[in-house]
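Enquirer: Below is one structure. I have some questions about it.
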Amino acid sequence: MKSPFLGLNKTNTMKYEPAVIEPKWQKYWEENGTFTVQSRIDGNQRKKYVLDMFPYPSANGLHVGHPEGYTATDIVCRFERMQGTAVLHPMGWDSFGLPAEQQAKKTGIPPRTITEKNIANFRRQLKMLGFSYDWTREVATTDTDYFKWTQWIFLLLYNTWFDPVQQKGRPISELPIPQDLAGTPATEAYRDEHRLAYQIEAPVNWCPALGTVLANEEVIQGRSERGNHPVVRMPLRQWMLRITAYADRLESDLEQLDWSDSVKALQRNWIGRSTGAEIDFYVGETAADDYEQWKTERQKTGFPRKPEDFAHFAAICRLPSAVLRIYTTRPDTLFGATYMVIAPEHPLVENLTTPERKEAVVEYCRSAASKSDLDRTELSKEKTGVFTGSYAVNPATGQPIPIWIADYVLISYGTGAIMAVPGHDTRDYEFAKQFGLPIVEVVQRAIGDGSDSRDGCGYGYGGGSGEGSGEGSGFGGGIEVAFTGEGWAINSDKYNGLSTVEFKEKITADLSQMGVGRKAVNYKLRDWLFSRQHFWGEPFPLLHEVDENNNMTGRCIALEESELPLDMPADLKFDAAHNSPEPPLEHAPDSWLYVERNGKKYKRETNTMPQWAGSCWYYLRFIDPKNGGQLVSPELEKQWMPVDLYVGGAEHAVLHLLYARFWHKVLFDYGIVSTPEPFQKLVNQGMILGETEFTGFILPKEKIVESSFTDYESALKKVAEGDAAWVSVSEISIDRDGYGTLKKDGTKLFSVKLSVNNVGKNGDNFFLKDDGVQDIQVDSRANKMSKSRGNVVNPDDVVVQYGADALRLYEMFMGPLESVKPWSMDGVRGVRNFLDRVWKMIVDVSEEAADGRRQMAAEVQNVPLSVEQNRMLHKTVKQVTLDIQTMSFNTAISRMMEFVNFFLKQEVRPKRAMEKFVLILSPLAPHICEELWQLLGHGGTLAYEPLPQYDESVLLESQVEIPISINGKLRSKITAAVNADEQTLEVAALSDARIAELTAGKTIVKKIIVPGKMINLVVK
RNA sequence: GCCCGAGUGGCGGAAUGGCAGACGCUGGGGAUUUAAAAUCCCCUACCUGUAAUGGGUGUGCGGGUUCGACUCCCGCCUUGGGUACCA
124 MKSPFLGLNK
134 TNTMKYEPAV
144 IEPKWQKYWE
154 ENGTFTVQSR
164 IDGNQRKKYV
174 LDMFPYPSAN
184 GLHVGHPEGY
194 TATDIVCRFE
204 RMQGTAVLHP
214 MGWDSFGLPA
224 EQQAKKTGIP
234 PRTITEKNIA
244 NFRRQLKMLG
254 FSYDWTREVA
264 TTDTDYFKWT
274 QWIFLLLYNT
284 WFDPVQQKGR
294 PISELPIPQD
304 LAGTPATEAY
314 RDEHRLAYQI
324 EAPVNWCPAL
334 GTVLANEEVI
344 QGRSERGNHP
354 VVRMPLRQWM
364 LRITAYADRL
374 ESDLEQLDWS
384 DSVKALQRNW
394 IGRSTGAEID
404 FYVGETAADD
414 YEQWKTERQK
424 TGFPRKPEDF
434 AHFAAICRLP
444 SAVLRIYTTR
454 PDTLFGATYM
464 VIAPEHPLVE
474 NLTTPERKEA
484 VVEYCRSAAS
494 KSDLDRTELS
504 KEKTGVFTGS
514 YAVNPATGQP
524 IPIWIADYVL
534 ISYGTGAIMA
544 VPGHDTRDYE
554 FAKQFGLPIV
564 EVVQRAIGDG
574 SDSRDGCGYG
584 YGGGSGEGSG
594 EGSGFGGGIE
604 VAFTGEGWAI
614 NSDKYNGLST
624 VEFKEKITAD
634 LSQMGVGRKA
644 VNYKLRDWLF
654 SRQHFWGEPF
664 PLLHEVDENN
674 NMTGRCIALE
684 ESELPLDMPA
694 DLKFDAAHNS
704 PEPPLEHAPD
714 SWLYVERNGK
724 KYKRETNTMP
734 QWAGSCWYYL
744 RFIDPKNGGQ
754 LVSPELEKQW
764 MPVDLYVGGA
774 EHAVLHLLYA
784 RFWHKVLFDY
794 GIVSTPEPFQ
804 KLVNQGMILG
814 ETEFTGFILP
824 KEKIVESSFT
834 DYESALKKVA
844 EGDAAWVSVS
854 EISIDRDGYG
864 TLKKDGTKLF
874 SVKLSVNNVG
884 KNGDNFFLKD
894 DGVQDIQVDS
904 RANKMSKSRG
914 NVVNPDDVVV
924 QYGADALRLY
934 EMFMGPLESV
944 KPWSMDGVRG
954 VRNFLDRVWK
964 MIVDVSEEAA
974 DGRRQMAAEV
984 QNVPLSVEQN
994 RMLHKTVKQV
1004 TLDIQTMSFN
1014 TAISRMMEFV
1024 NFFLKQEVRP
1034 KRAMEKFVLI
1044 LSPLAPHICE
1054 ELWQLLGHGG
1064 TLAYEPLPQY
1074 DESVLLESQV
1084 EIPISINGKL
1094 RSKITAAVNA
1104 DEQTLEVAAL
1114 SDARIAELTA
1124 GKTIVKKIIV
1134 PGKMINLVVK
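Given below as structure tokens:
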């Protein structure tokens, strides 16, 4: 470090004034590059990569939710540096995004200008909070130098196929081409079908209000996640990323991560892996000969592979009809499959529809297609469907079963067709009831009592025996509800008596043997819709061949790596009335839009990438932010990856984290990154809510007829009837001495005479029992911060009033990092008071000292610590160290409060204790600690001072207080030597006056003595 | 419906099998002050008792395990979040 006092403003203030010392130290850190970290780590220095989820720089500036996670990581970083760890702690901007584009449309100001202004504001605010970022590594996803590499990764994805055998991504040039395609123009089409980035013409979620297409993940119940606008389905050419290829690895690699179970569960849920079986149903005439021939052909050809192949298969088999493949997780219920259902979009709809059913089917499919997702889910109560006229053969029973079309079967999952087992599936049951289809039970929930069917299954698990065994298990009669659990097979021929688990395995094997079924795995995860109709996003490095009328004709080709970055057009006219799914880049100047190459004319791709793209890999760029030739240097990547700690909001628990993991795995397959997973440990900070608001009402006593107002609903009614009035109060308190105070906006509204006797509590509500002048009921609730509620807390205001250290400390003191908690300005005042006391503990704040010379408090002296003081110091150091390691910052702070409470009472405060305290407080409240450190006579920064160590032996006390309980109830306490053995303790306990009194005349049945801890006597 | 989490004073929370309520806020009382602010000290789970080093109750509800349960087990209730015709 450089000269200690260089560039520091001398302050003449005795008082703790954050407004003076905080900017002073921020300037010092910046000028001295205190937190700049060398990319190369020396020798075997320990490394730690601590990452915050970088923010979207919105026009609103920082929200108090941001500093919560940022403070937590900052504490960890500062703590680690003081232990000699090399710490990488960067910050940047996720700066593409819709708001800037919308503002640009409105104002005509280019989005880049808007974004830069917002970034400047965010940067100022973050620096104001004293976070120890290495600002030399700052990146923004909108920087050309940055999105060059986002485009580069896209090209990599484009030029990759997923090899299912090796379970990894490989160069598209290594894709084996089927012989019949080799050398033909179809080769390229075949490759295009296998790329990780591919385009489709498909129904997409078009949101007119936002003017964009949304990913499935961004649509919630038929409405947009952002803004809650209606979303309609319409066909459009789109780019997709084949994330489903990595579903298995994305799921199984979760195991090795140090993430909360809930986030892992969330991701598993989203991936939605299920295992079951695919079963092929013979469709057409039911003649046994045909059926046997069909099975033989199946075994010979191995066809069909995909639903689209079915018709083809029927043709090559020269069979009258086709084959219908379904997916089920319950192959054990095959004997109960009494009909089949295919989705309205299923490729076989036409083939399966008989002439006399055609009209009804066409009509049904048309109405299903016009339904939005919203309609489909909202109308889910009523099942709809139509019979095709065709039948399939249940391979287990050989019986023909009808094939229906219904929109409760989704084309996008499994094979788009199901075998319906109304006896054991709720949806099939509802459908069967509605259309009068047969219901057969094939699973028994428990072995019937008294019956003999127990043979062959000695399993003890399963539903509660005895109870419940009678109801619902009698087949033949109509059942009231489908039993969807596991149990034992009935009505299943030779499989009867098998458990669900056994049955599944057996029948899957048997079907496989017959060539009509096989084990199968399915995922809920869908491919990632990767294109957006925005201007303010990364352009795709792609070109489409066009004819002289600029219509896309030929293939799509990719740019070369050397052509990157592909910048967006400089002068784009925004069409304010733009209200179609057409991308804004369609309006780009021709000079940008059209390219000539090898004598052919090409048009650029006009879709852009979604905001997720830039945030998928930013953690890699921080390692090597200025590398012009590589995304990241392999050597540096190896040193710093993986991210050791990643902190951010739970709202990214699924999408961002899944997308980033997917990209990372592709990079891993190419050896560009060295770890299979990017983020080793993940912590989600809980949301900070607005201040708790109290709503209450006052009910004039005379109008109360009965006490029913203690119930909230009836109180509401009374208010409505005019018998009671609402008040909005910011605070109410009822003390035990007989006065309750009701305040509004900080002003006292009135006091009510109350007493403990007549104040009752019902849940969260107070009420007067009797004798009260008025009855009061108060409802308290903390809400999300929002502009419309007017409860947004601005970090700027808090820093002006209380200082950055106070804000940091308060956010950490509120409660556990991961829980949701309401803001409290009084709480901020509380930690500010603590900082004032810390200051007073060390600095001379007396009148006499106000002559301009700052000095230590007279109590701070260069003397050894007393035993008690030393113990307090070591205890505090120990607790704080452990708490920071487990990120329990709230308790760490409370320990330090105890330290200050203790030492403020000491007439002599050894300087050494003060110094150590300042060091352990410094990760949490760095500014005040730097100042105090300087005042204690040290030069430079304390950022790299070794962290104080604690000595376990100092903590040992010679005497301890031992609680004595009788029958589990605390009755007395004795003081004993810390190492007193059981016998000594027993004697001491029994001779204790109070214990002797309470045990007199009674028998001590048992004595539990835990040396050094407690004594419990069981007395009769 | 399914998956995950939570439920402790007036409030935020602490204690993961051994003294429930640390620490902080709020409220009350006192000191200081001409006064106020600021600061400092004391009290603050509930009921009961004239009193205390008193008695009783108490960690969402009902059971259980244990000498001992906020903590572990079983069954519920409430609540927050995620997800949903995913076969």
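For the first sequence, the working numbering begins at 124 and goes up steadily by one. No residue lacks a Cβ here, since even glycine has one placed at the ideal position from N, Cα and C.
1. Residue range of the alpha helix (DSSP H) that Thr999 falls in?
2. On the three-state DSSP scale, how would you describe Gly809?
3. Apart from the five residues just before and just after Gln149, which ones in its own chain have a Cβ nearer than 8 Å to its Cβ?
4. Based on DSSP bridge pairs, tell me the residues matched to Ser797.
5. Name the one or two DSSP bridge partners that Cys330 has.
6. DSSP state of Val1133, grouped into three classes?
7. Quick check on the DSSP output: the alpha helix (DSSP H) that includes Trp659 runs from which residue to which?
8. Can you tell me which of Ala320, Val566, Gly620, Leu682 puts its alpha carbon nearest to the alpha carbon of Val604?
9. Report all residues from its chain with a CB closer than 7 Å to the CB of Leu687; omit the five preceding and five following residues, and keep chain order.
10. Considering just the uninterrupted stretch of the beta strand (DSSP E) at Val386, what are its terminal residues?
11. By a C-beta neighbour count over all protein chains shown, 10 Å radius and 16 as the cutoff for buried, is Glu1038 buried or exposed?
12. Counting pairs of Cβ atoms below 8 Å between the segment 952–960 and the segment 919–928, do you hit three or more?
13. Excluding five sequence neighbours on each side, which residues of the same chain lie with their C-beta closer than 8 Å to the C-beta of Leu304?
14. Using the Cβ count rule (16 or more neighbours within 10 Å means buried), how would you classify Met363?
15. In the DSSP assignment, find the unbroken beta strand (DSSP E) run with Trp258 in it and report its ends.
16. Looking at C-beta atoms only, is the number of pairs between the segment 176–192 and the segment 151–161 that lie closer than 8 Å three or more?
17. How would you write the range of the alpha helix (DSSP H) that Val1110 sits in, first residue to last?
18. Comparing C-alpha positions only, which one of Ser942, Gly938, Lys963 sits nearest to Val951?
19. Quick test of the definition: if touching needs 3 or more C-beta pairs under 8 Å, does the segment 190–207 touch the segment 1028–1037?
20. Compute the distance between the beta-carbons of Phe277 and Pro1046, then report whether it is under 8 Å.
21. Ordered along the chain, which non-local residues of its own chain (more than five positions away) have a Cβ less than 7 Å from that of Glu1084?
22. State buried or exposed for Asp949, treating a residue as buried only when at least 16 other CB atoms are found within 10 Å of its CB.
23. Would you mind giving the Cβ-Cβ distance between Ala519 and Leu457, rounded to the nearest angstrom? I have them listed as a contact below 8 Å.
24. Express the C-alpha separation of Tyr1073 and Asp257 in angstroms, rounding to a whole number.
25. Is the beta carbon of Phe1012 less than 8 Å from the beta carbon of Met935?
26. On the criterion of 16 or more Cβ atoms from any shown chain inside 10 Å, does Asn167 qualify as buried, or is it exposed?
27. Going by CA-CA distance only, name the one from Gln1082, Trp946, Leu932, Leu940 that's closest to Arg904.
28. Could you compute how far the alpha carbon of Pro213 sits from the alpha carbon of Ala223?
29. In terms of residues, what are the limits of the alpha helix (DSSP H) holding Trp152?
30. Express the C-alpha separation of Leu689 and Ile1043 in angstroms, rounding to a whole number.
31. Decide if Tyr139 is buried, meaning its Cβ has at least 16 other Cβ atoms within 10 Å, or exposed.
32. Give me the Cβ distance between Gly395 and His469, rounded to the nearest whole Å; I'm assuming they're in contact under 8 Å.
33. Looking at the unbroken alpha helix (DSSP H) that takes in Asp792, where does it start and where does it end?
34. For Lys723 versus Tyr769, is the C-beta spacing smaller than 8 Å?
35. Which two residues bound the contiguous beta strand (DSSP E) that contains Ile1097?
36. Taking the beta carbon of Ser685 as the centre, do at least 16 other beta carbons fall within 10 Å, making it buried, or is it exposed?
Expert: This is what the structure holds:
1. Start and end: 990–1008.
2. In this structure, Gly809 counts as coil in the three-state DSSP scheme.
3. Within the same chain, Gln149 has close Cβ partners Lys250, Met251, Gly253, His1050.
4. Note: Ser797 is not bridge-paired with any residue in the DSSP secondary-structure output.
5. Per DSSP, Thr335.
6. In this structure, Val1133 counts as strand in the three-state DSSP scheme.
7. Looking at the DSSP string, Trp659 is not in any alpha helix (DSSP H), and its letter there is neither H nor E.
8. Comparing Cα positions, the closest option is Val566.
9. Only Lys271, Gln274, Trp275, Pro664 meet the Cβ criterion.
10. Premise fails: Val386 lies in the alpha helix (DSSP H), 384–394, not in any beta strand (DSSP E).
11. Glu1038 is buried by the Cβ-count criterion.
12. Result yes; three or more Cβ-Cβ pairs closer than 8 Å.
13. So the qualifying residues of the chain are Thr310, Tyr313.
14. Burial call: buried.
15. Element bounds for Trp258: n/a, residue is neither H nor E.
16. No, they do not touch.
17. Val1110 -> alpha helix (DSSP H) spans 1105–1114.
18. Of the listed residues, the one whose Cα sits closest to Val951 is Gly938.
19. No, the segment 190–207 does not touch the segment 1028–1037.
20. In terms of Cβ geometry, Phe277 and Pro1046 do not form a close pair [threshold 8 Å].
21. If we look at Glu1084 and ignore the five residues flanking it on each side, its Cβ neighbours are Lys1096, Thr1098.
22. When all chains shown are included, Asp949 counts as exposed.
23. With a Cβ gap of about 4 Å, Ala519 and Leu457 count as contacting.
24. Between Asp257 and Tyr1073, the C-alpha separation is close to 30 Å.
25. Closer than 8 Å, so yes.
26. Asn167 is exposed by the Cβ-count criterion.
27. Checking every option, the nearest Cα to that of Arg904 belongs to Trp946.
28. Rounded to whole angstroms, Pro213 to Ala223 spans 24 Å at the Cα level.
29. First-last of the alpha helix (DSSP H) with Trp152: 141–155.
30. In this structure, the alpha-carbon of Ile1043 lies about 49 Å from that of Leu689.
31. If you draw a 10 Å sphere on the C-beta of Tyr139, you find 16 or more other C-beta atoms in it, and that means buried.
32. Not really, about 21 Å apart at Cβ, beyond 8 Å.
33. In the DSSP assignment, Asp792 falls within the unbroken alpha helix (DSSP H) covering 778–792.
34. No, these two residues do not count as a Cβ contact at 8 Å.
35. Its beta strand (DSSP E) spans residues 1092–1100.
36. By the neighbour-count rule (16 or more Cβ atoms within 10 Å), Ser685 is not buried but exposed.
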